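Engineer:
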Amino acid sequence: MQIYLPIADLPVNVFLILGMGLAVGYISGMFGIGGGFLMTPLLIFVGISPAVAVATVSSHIAASSFTGALSYWRKRAVDIALALMLLSSGILGTATGVWLFTELRALDQLDLMIGISYVTLLTVVGAMMIYESVRAILRTRHGMPATLRRPGSHTWLHGLPFKLRFKRSKIYVSAIPVWAIGFVIGFVGAIMGIGGGFLLVPMLIYFLRVPTATVIGTSMVLTLVTMASATLMHAATNHLVDAVLALILMVGGVIGAQFGARTGQKMRGERLRLLLGLLVFAVGCRFAYELVVKPDDLFSLRYVESG
Amino acid sequence: MRRIAITLAFIALLCGAGPAVAERLVVSLSNHRVAVTSSFVGEELVLFGTIEPDPVTRPLRPPYDLVVTVTGPRQTLRTRRKERVLGIWVNVDSREFLRVPSYLAILSNRPVNTIANPDTLRRLQIGLDNFLLPQRIGTDFADTVSDDPFRRAFVRLQTQQGLYRESATAVTFLTPTVFRAAIPMPAAVPTGSYGIEVELFTGGNLVARTNSALDVIKTGFEQYVADAARDYGLLYGAVTALMALLIGWFASVIFARD
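If you read the protein sequences in the order shown, they are chains D and Z.
To convert, note that position 226 of the first sequence is 475 in my numbering; the numbers rise steadily by one, no gaps.
To convert, note that position 201 of the second sequence is 238 in my numbering; the numbers rise steadily by one, no gaps.
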């Protein structure tokens with residue numbers, strides 16, 4: 250069944266888009282991430298312009314992270330103080346990202362910027378996740394305890410001023426790294442059309458030593474607010490959010506996420522991280538391939554204005 | 038520019054061919070309004086017409102050739118060219134095509150270059166190679182030669198999208214004076230007002246012309262959404278974000294069984 254997308258200005262097959270929503274939703278539920286880094290490339294692949302894809306996916310991620318955030322909220326696994334601190338700079342990061350997005354679009358370099366960001370971010374993060382999870386798997390195989398968090402161990406981050414205590418997470422850290430992380434996630438999310446969950450969770454664990462009990466719930470609250478505000482800003486400045494496309498994606502996404510979550514709970518943590526790492530790395534390589542290989546068509550058109 | 042060309046064509050016609058105006062074109066379009074709805078997958082419009090003697094006493098002079106030029110609403114587009122920079126492919130050079138038709142179909146009963154000589158075709162802007170596509174070159178506006186790489190790429194990309202086309206079989210003569218032209222409207226057809234120019238040739242000379250028009254409009258829900266996104270961006274964004282929250286909340290209520 251074909252349906253005409255009013256903003257993307259092209260007809261698409263509803264079941265194809267719904268299927269993509271389901272598949273990405275399944276993966277996002279399994280790993281507890283938003284899945285934007287998969288959804289945006291898929292939409293571009295179907296023929297939707299990168300700009301519309303990035304802007305629309307932000308609303309899709311807002312929907313799926315809200316579902317997640319609600320269930321973690323009920324389990325009291327959200328550190329609201331930490332989330333608010335991250336958000337105060339996250340919004341600023343998102344606004345900067347949307348501004349840069351608009352500027353780059355005017356310079357015809359947006360597609361390139363999206364491509365390069367994907368390559369660097371996904372290959373680096375993917376490789377790190379693979380390395381870390383393989384080590385964890387080998388360690389357990391050799392009968393050693395897989396400890397990631399060493400209580401009491403301090404890094405230079407703990408020496409920074411403006412210290413704050415977050416009760417729910419039982420951590421005492423400087424506000425500076427918290428703000429920095431929030432800004433980076435908001436910025437990257439607006440530029441790349443990703444929630445940044447797969448970045449934020451490791452950052453919170455490694456830099457701030459947030460315990461696993463509250464890390465995913467807190468990350469989901471942050472993702473929710475940054476993506477909802479990215480939707481608002483993209484709609485207000487670039488008029489690129491396709492509500493019809495977003496609706497189909499959301500419906501597929503939230504259903505897929507439920508089944509994914511069930512599969513995810515049956516798997517061991519380090520196996521799950523290895524799988525996610527491989528997936529992230531593969532998507533990064535796919536983007537690298539596209540940048541390096543000579544395109545079929547060197548020319549492309551861009552709409553400037555009517556009349 | 039086009040008006041000047043038309044005026045020139047008429048002057049040339051009056052001076053060169055003398056009392057050549059002996060034919061009159063009567064055309065009718067199957068549909069003057071194309072409605073783009075959510076299930077729109079493209080459409081074909083049909084233009085019917087006859088060639089009538091004018092004044093009645095003058096005889097007709099078949100065989101005739103007919104060219105139908107359909108132009109969509111004007112828009113400005115940028116053609117970009119990628120080049121390899123530090124190992125990756127980057128948009129380096131670009132040209133802006135100013136106020137060019139978003140849709141352009143040149144339909145005829147045989148290849149346009151066999152209908153009239155190159156000078157006439159260029160003057161009347163008949164055929165994709167002869168249609169005026171002004172580019173911004175520095176501070177100047179001009180159409181380049183038809184084999185300019187940017188112009189060729191522009192026409193090729195628009196043709197791939199089904200927005201530009203030149204068809205030598207789209208016009209058929211049912212009798213020597215009754216014709217039918219099929220105007221294809223692809224799924225991604227731009228909305229707005231379209232002009233249809235019908236030009237009749239005999240012996241390589243333009244002998245009669247007429248025009249018609251049609252509108253392509255988005256209707257119902259699509260139009261509503263597109264208008265809202267453009268005119269009330271912030272409100273539209275807020276509604277979309279709210280929709281996201283509602284669906285997220287729905288899902289958590291429906292599936293919360295643990």
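Just so you know, even glycine gets a beta-carbon here, dropped at the ideal spot from N, CA and C.
These numbers were taken from a predicted model, which means no experiment stands behind them.
When burial is assigned at 16 or more other CB atoms within 10 Å of the CB, is residue 296 of chain Z buried or exposed?
Structural biologist: For chain Z, the structure presents residues 38 to 295; residue 296 of chain Z sits outside this window and is missing.
Engineer: Output yes or no for whether 8 Å exceeds the beta carbon distance between residue 446 of chain D and residue 472 of chain D.
Structural biologist: Yes. Within cutoff.
Engineer: Given that a residue counts as buried once 16 or more other Cβ atoms are within 10 Å of its Cβ, and exposed if not, what is residue 400 of chain D?
Structural biologist: Confidence in residue 400 of chain D is poor, its pLDDT being 49 and thus under 50, which makes the residue's placement unreliable; the coordinate value appears in the next sentence. Classification for residue 400 of chain D: exposed.
Engineer: Taking the alpha-carbon of residue 270 of chain D as reference, which of D/322, D/310, D/258 has the nearest alpha-carbon?
Structural biologist: Closest option to residue 270 of chain D, Cα to Cα, is D/310.
Engineer: Less than 8 Å between the C-beta atoms of residue 275 of chain D and residue 505 of chain D, yes or no?
Structural biologist: Going by C-beta atoms, residue 275 of chain D is nearer than 8 Å to residue 505 of chain D.
Engineer: Do you know how far the Cα of residue 549 of chain D is from the Cα of residue 520 of chain D?
Structural biologist: Going by the C-alpha atoms only, they are around 42 Å apart.
Engineer: Note down the Cα distance separating residue 48 of chain Z from residue 160 of chain Z, rounded to an integer number of angstroms.
Structural biologist: With a pLDDT of only 49 at residue 48 of chain Z, under 50, the local geometry of the prediction cannot be trusted, and no value is derived from it.
Engineer: Could you tell me the distance, in whole angstroms, from the CA atom of residue 276 of chain Z to the CA atom of residue 235 of chain Z?
Structural biologist: Using only the alpha carbons, I get a separation of about 47 Å.
Engineer: Round the Cβ separation of residue 170 of chain Z and residue 191 of chain Z to the nearest angstrom and send it over; I've been treating them as touching at under 8 Å.
Structural biologist: The Cβ separation is near 7 Å, so the contact holds.
Engineer: Tell me which residues share the same chain as residue 100 of chain Z and place their Cβ nearer than 8 Å to its Cβ, disregarding the 5 neighbours each side in the sequence.
Structural biologist: Taken in chain order, the residues that qualify are 213, 239.
Engineer: Alpha carbons only, please: which of D/497, D/552, D/449, D/509 is nearest the one belonging to residue 312 of chain D?
Structural biologist: Among D/497, D/552, D/449, D/509, the Cα nearest to that of residue 312 of chain D is on D/497.
Engineer: So is residue 200 of chain Z buried or exposed if we call it buried at 16+ other beta carbons inside 10 Å?
Structural biologist: So residue 200 of chain Z counts as buried.
Engineer: Compute the distance between the beta-carbons of residue 219 of chain Z and residue 80 of chain Z, then report whether it is under 8 Å.
Structural biologist: Contact flag unset, no.
Engineer: With a CB to CB cut of under 8 Å and the five nearest residues on each side skipped, what residues in its chain are close to residue 268 of chain D?
Structural biologist: Closer than 8 Å at the Cβ level, and outside the excluded window around residue 268 of chain D, lie 501.
Engineer: Are residue 466 of chain D and residue 339 of chain D closer than 8 Å when you measure CB to CB?
Structural biologist: Not a contact, by the Cβ cut-off of 8 Å.
Engineer: May I ask you to list the residues that DSSP assigns as paired with residue 76 of chain Z?
Structural biologist: Answer is none; residue 76 of chain Z lacks a bridge partner.
Engineer: Taking the Cβ atom as the reference point for each residue, do residue 530 of chain D and residue 302 of chain D lie within a distance shorter than 8 Å?
Structural biologist: Going by C-beta atoms, residue 530 of chain D is not nearer than 8 Å to residue 302 of chain D.
Engineer: Which whole runs of the alpha helix (DSSP H) in the stretch 263-292 of chain D are 4 residues long or more, in chain order?
Structural biologist: Correct list: 263-280.
Engineer: Using a Cβ cut-off of 8 Å (strictly closer), state whether residue 494 of chain D contacts chain Z.
Structural biologist: Residue 494 of chain D does not count as touching chain Z.
Engineer: Classify residue 554 of chain D as buried or exposed, calling it buried when 16 or more other Cβ atoms lie within 10 Å of its own Cβ.
Structural biologist: It counts as exposed.
Engineer: Quick one: Cα of residue 257 of chain D to Cα of residue 551 of chain D, how far?
Structural biologist: Those two C-alpha atoms are separated by around 13 Å.
Engineer: On the three-pair Cβ rule with 8 Å, is the stretch 284-292 of chain D touching the stretch 261-273 of chain Z?
Structural biologist: Contact fails: fewer than three Cβ-Cβ distances are below 8 Å.
Engineer: Look up residue 164 of chain Z in the DSSP assignment and say whether it is helix, strand or coil.
Structural biologist: Three-state result, residue 164 of chain Z: coil.
Engineer: Mapping the DSSP letters down to three states, classify residue 389 of chain D as helix, strand or coil.
Structural biologist: Note: residue 389 of chain D maps to helix in three-state DSSP.
Engineer: Quick check on the DSSP output: the alpha helix (DSSP H) that includes residue 305 of chain D runs from which residue to which?
Structural biologist: Here the alpha helix (DSSP H) through residue 305 of chain D covers 299-323.
Engineer: Between which two residues does the beta strand (DSSP E) carrying residue 140 of chain Z extend?
Structural biologist: That residue, residue 140 of chain Z, is in no beta strand (DSSP E); it is neither H nor E in DSSP.
Engineer: At which residues does the alpha helix (DSSP H) containing residue 289 of chain Z begin and terminate?
Structural biologist: Start and end: 270-292.
Engineer: Would you mind listing the beta strand (DSSP E) stretches within the stretch 199-233 of chain Z that are 3+ residues and don't spill past its ends, in chain order?
Structural biologist: For the stretch 199-233 of chain Z, whole beta strand (DSSP E) runs of length 3 or above, ordered along the chain, are 201-204, 208-212, 215-222.
Engineer: Any idea what DSSP makes of residue 296 of chain D, helix, strand or coil?
Structural biologist: Coil.
Engineer: Measuring CA to CA, which of D/323, D/378, D/360 is closest to residue 523 of chain D?
Structural biologist: Ranking D/323, D/378, D/360 by Cα distance to residue 523 of chain D puts D/378 first.
Engineer: Against residue 350 of chain D, what residues of chain Z qualify as contacts under a CB-to-CB distance less than 9 Å, listed in chain order?
Structural biologist: Going along chain Z, no residue has its Cβ under 9 Å from residue 350 of chain D, so there is no contact; the nearest lies around 14 Å.
Engineer: Three or more C-beta pairs closer than 8 Å, one from the stretch 221-228 of chain Z and one from the stretch 135-143 of chain Z: is that the case here?
Structural biologist: Yes, the stretch 221-228 of chain Z touches the stretch 135-143 of chain Z.
Engineer: At a CB-CB cut-off below 7 Å, which residues of chain Z make contact with residue 313 of chain D?
Structural biologist: Neighbours of residue 313 of chain D on chain Z, chain order: 285.
Engineer: Measure how close the beta-carbons of residue 73 of chain Z and residue 251 of chain D come, nearest whole angstrom, since I'm counting them as under 8 Å.
Structural biologist: In fact, because the Cβ distance is near 12 Å, the residues do not count as touching under 8 Å.
Engineer: I'd like to confirm the pairing. Which residues does DSSP put opposite residue 128 of chain Z in its beta bridges?
Structural biologist: Residue 128 of chain Z pairs with Z/119.
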